[in-house]
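*Asks:* What follows is a single structure, and I will ask about it in a moment.
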Amino acid sequence: MTVPTAPSAPGGAIEPRSRARTARDRRRPTRHRESTWRHYLVSVVAFLAVLAAWQGVVVAFHVPPYLAPSPLMVVRALRTESHTLLVNTWPTFIETIGGFVVGNLVAIVAAVGFVHNRIFRQSVYPLAVTVRTLPIVAISPILVLLLGNGYAPKIAIAALITFFPTLVNMADGLTAVDPQALELMHVLSASRWEVFRYLRWPTSLPYLFSALRIASTASLLGAIIGEWIGSNSGLGYLIVAATYDYRTPLLYATMTVASALALAMFGAISILERYAVPWRVTPGVGGE
Amino acid sequence: MTAPAIVVDGVSMAFEHEGSPLHVLRDVSLAISEGEFLSLLGPSGCGKSTLLRLIADILAPTGGTISILGQSPARARHERALGIVFQQPVLLPWLSVEDNIALPLRIGGWGARHPEAPSPPALLDLVGLRGFERARPAQLSGGMQQRVAIARALVNNSPILLMDEPFGALDAITRDRLNEELLRIWTETRRTVVFVTHSIPEAVYLSTRVAVLSPRPAQIRALMEIDLPSPRQPQMRDTPQFARFTAALRNALEHP
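Quick look at the structure:
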């Protein structure tokens, strides 16, 4: 990367570049990368160690597979039941994405409304909090009764579970504006729309992405809960069916697939954030 | 004597503070001429920033009137007669340096209606930051960020530049250097500058006139012409003449 150098003209000697920048420059090269690799290595080794211990316990104590299958049996189930798993992942995926999109869109629109209209905020916010306090497992049967057996109730549950964190974060983000920047906008006679576009919206983006990362895993949970209540397909259905039939290796395999799906969503959001909010770098799954 | 650019007439300002009014300014009157570099000098918290905010139409006075180039502050603000620089640079971190400077041109479509406005690259040249167009604010030092803020305040060709302790958060060396820069820009562009500071040497070095404010509620205690030769040179800070001005201002600040 080339860093533009200052002209020696009237500016004279230019002050050194900021501490933030030089610190990052110092961290970025080899040493940082090595420590990241070591970090991942430690994570992977710990994960494998848990699997090995699990395998060891199951084999040593002759634990029957219907109680707790060994990791190797789970892997075998993943292979032999791959068709069943794939067929049932698709509806869950649709519901998760649907709920994620609907829940977040409604939350973003509501948060924008909150910031611009006090009466709207005062009337809707307590309502949103109240709905949030209702246990989701209690609402789910109601939604299934209301919306039938298709995708709709699952999407609604996933959206509902996604909605609240995004609403709260987004409302915070849109108001977390530097007061002096607002004064600057005022001196420039900026309209409300311009204040929103140039100031509030970019300020809120890091908050939004924090919420989206929570929502990415929560929406999957919502979809699975929806499938538990009433469905004949999906990972949630598969969990119920496998448990009922004592097909425990399949149950564990289903959980593995669900977990992988959630991780993939989380990772996708993190990658998206890197492009949407390039001025802020957040730690990934591995942390820092 | 040129026409007054800013007339502050009997202005008072009070804030609501725990149920009772807090008087910040009491009956302040001041006429600032076109092309003048006027410093508002006073102790911390005396209300000099409040006076600047009243001129900028960020606040409305509880008494008295302010006129800017014969117009109300609100009207002057709408016509971009005012450029402002705060103590903090207040740059938008998601915009490049160039886009930060161009922000006032975007808002209200001002740039499209005023093709004669200086281009951001030309302003970067003026503040000595050529080559940093695509940098983000976080990549710049505090002094460089404040230069960008000054360039942004100049992009509308506003005849009046309001500066609220713009170098107060910088180290002494950077501050001295930016004082030089500001004087050069002022000489080249001939704006009317209203400059808030609590540094006596800074006020003497930069200003054609200094208004000394009393502690709260602020009143104008003294108005002092600084008739040091122009252009100012850094060596002037060490002359007896300079010391006489700083002594006189210190005296005005401490003894009513």
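Taken in sequence, the protein lines are chains A and B. Take the first sequence: its position 268, counted from the start at 1, is 268 in my numbering, and no numbers get skipped. Take the second sequence: its position 148, counted from the start at 1, is 1148 in my numbering, and no numbers get skipped. By construction, the Cβ of each residue, glycine as well, lies at the ideal position given by its N, Cα and C atoms.
Exposed or buried, A/L41, counting other C-beta atoms within 10 Å across all chains shown (16 or more means buried)?
*Replies:* Result: exposed.
*Asks:* Going by DSSP, name the residue or residues bridged to B/G1083.
*Replies:* Paired residue(s): B/L1161.
*Asks:* For A/Y207, count the other beta carbons within 10 Å of its own beta carbon; 16 or more makes it buried, fewer makes it exposed. Which is it?
*Replies:* Counting Cβ neighbours within 10 Å, A/Y207 comes out buried, since at least 16 surround it.
*Asks:* Taking the straight line between their C-alpha atoms, what separation do you get for B/P1215 and B/T1197?
*Replies:* Approximately 14 Å between the Cα atoms of the pair.
*Asks:* Starting from the C-beta of A/G222, find all residues in its chain whose C-beta is less than 6 Å away, skip the five residues before and the five after it, and write them out in chain order.
*Replies:* Same-chain partners within the cutoff: G99, I157, A158, I161.
*Asks:* Measure how close the beta-carbons of A/W279 and B/P1093 come, nearest whole angstrom, since I'm counting them as under 8 Å.
*Replies:* Going by Cβ atoms, the distance from A/W279 to B/P1093 rounds to 5 Å, so yes, they are a contact pair.
*Asks:* Could you check if B/V1008 is buried or exposed, using at least 16 other CB atoms within 10 Å of its CB as the buried criterion?
*Replies:* With 16 or more other Cβ atoms within 10 Å, it is buried.
*Asks:* At the level of alpha carbons, what is the spacing between A/T130 and A/M265?
*Replies:* When rounded, the distance between both Cα atoms is 28 Å.
*Asks:* Report the rounded CA-to-CA distance for A/F164 versus A/A128, giving the unit in angstroms.
*Replies:* The alpha-carbon atoms of A/F164 and A/A128 are separated by roughly 7 Å.
*Asks:* With DSSP run on the structure shown, which of helix, strand or coil describes B/A1005?
*Replies:* In the structure shown, B/A1005 sits in a strand (DSSP, three-state: E or B).
*Asks:* Can you pull the chain B neighbours of A/D178, defined as C-beta to C-beta under 7 Å?
*Replies:* In chain order: V1090.
*Asks:* Leaving out five residues before and five after B/K1048 in sequence, what residues of the same chain have Cβ atoms less than 6 Å from its Cβ?
*Replies:* These residues qualify, in order along the chain: L1040, G1042, V1196, L1213.
*Asks:* Answer yes or no: does any C-beta atom of chain A fall closer than 9 Å to that of B/F1086?
*Replies:* Yes, B/F1086 lies at the interface with chain A (some Cβ there is under 9 Å from its Cβ).
*Asks:* Taking Cβ-Cβ distances shorter than 8 Å, what residues in chain B pair up with A/A210?
*Replies:* Note that residue 210 of chain A corresponds to Ser in the displayed sequence, not to Ala. Going along chain B, no residue has its Cβ under 8 Å from A/S210, so there is no contact; the nearest lies around 16 Å.
*Asks:* Can you give the beta carbon distance from B/R1152 to B/P1104, rounded, assuming they're within the 8 Å contact cut?
*Replies:* Between B/P1104 and B/R1152 the Cβ distance is about 6 Å, and since that is below 8 Å, they are a contact.
*Asks:* Counting along the chain, where does the alpha helix (DSSP H) carrying B/A1222 start and finish?
*Replies:* Note, B/A1222: premise wrong, no alpha helix (DSSP H); beta strand (DSSP E) at 1220-1225.
*Asks:* Does A/S204 get closer than 9 Å to chain B when you measure Cβ to Cβ?
*Replies:* No, its Cβ sits nowhere closer than 9 Å to a Cβ of chain B.
*Asks:* Does the region 1078-1091 of chain B come into contact with the region 1015-1030 of chain B, if we say contact requires no fewer than three beta-carbon pairs (one atom in each stretch) closer than 8 Å?
*Replies:* No: the two stretches stay apart, fewer than three of their Cβ pairs being nearer than 8 Å.
*Asks:* Check the Cβ-Cβ distances between B/P1166 and every residue of chain A, and say whether any is below 9 Å.
*Replies:* Output row for B/P1166: interface = no.
*Asks:* What is the residue span of the beta strand (DSSP E) that A/F266 lies within?
*Replies:* That residue, A/F266, is in no beta strand (DSSP E); its alpha helix (DSSP H) goes 248-276.
*Asks:* Under 6 Å Cβ to Cβ from A/P114, same chain only, skipping five residues before and after it: list those, please.
*Replies:* Reading off the sequence shown, one finds Phe at residue 114 of chain A, where the question assumed Pro. Within the same chain, A/F114 has close Cβ partners R121, A171.
*Asks:* Could you tell me the distance, in whole angstroms, from the CA atom of A/A211 to the CA atom of A/N169?
*Replies:* Taking the straight line from one Cα to the other gives about 6 Å.
*Asks:* Taking only three categories from DSSP, how would you classify A/E227?
*Replies:* Looking at A/E227 - three-state DSSP - the assignment turns out to be helix.
*Asks:* What are the boundary residues of the beta strand (DSSP E) that includes B/H1023?
*Replies:* Segment 1020-1033, the beta strand (DSSP E) holding B/H1023.
*Asks:* List the residues of chain B whose Cβ lies closer than 9 Å to the Cβ of A/A276, in chain order.
*Replies:* Result: empty, since nearest Cβ-Cβ is about 10 Å, beyond 9 Å.
*Asks:* Is B/H1078 close to chain A? Criterion is C-beta to C-beta, closer than 9 Å.
*Replies:* Judged by the 9 Å Cβ criterion, B/H1078 is in contact with chain A.
*Asks:* Would you kindly report the start and end of the unbroken beta strand (DSSP E) that includes B/F1037?
*Replies:* That run of the beta strand (DSSP E) goes 1037-1041.
*Asks:* Are the region 192-202 of chain A and the region 61-76 of chain A touching, with three or more C-beta to C-beta distances below 8 Å?
*Replies:* Too few Cβ pairs lie closer than 8 Å, so no.
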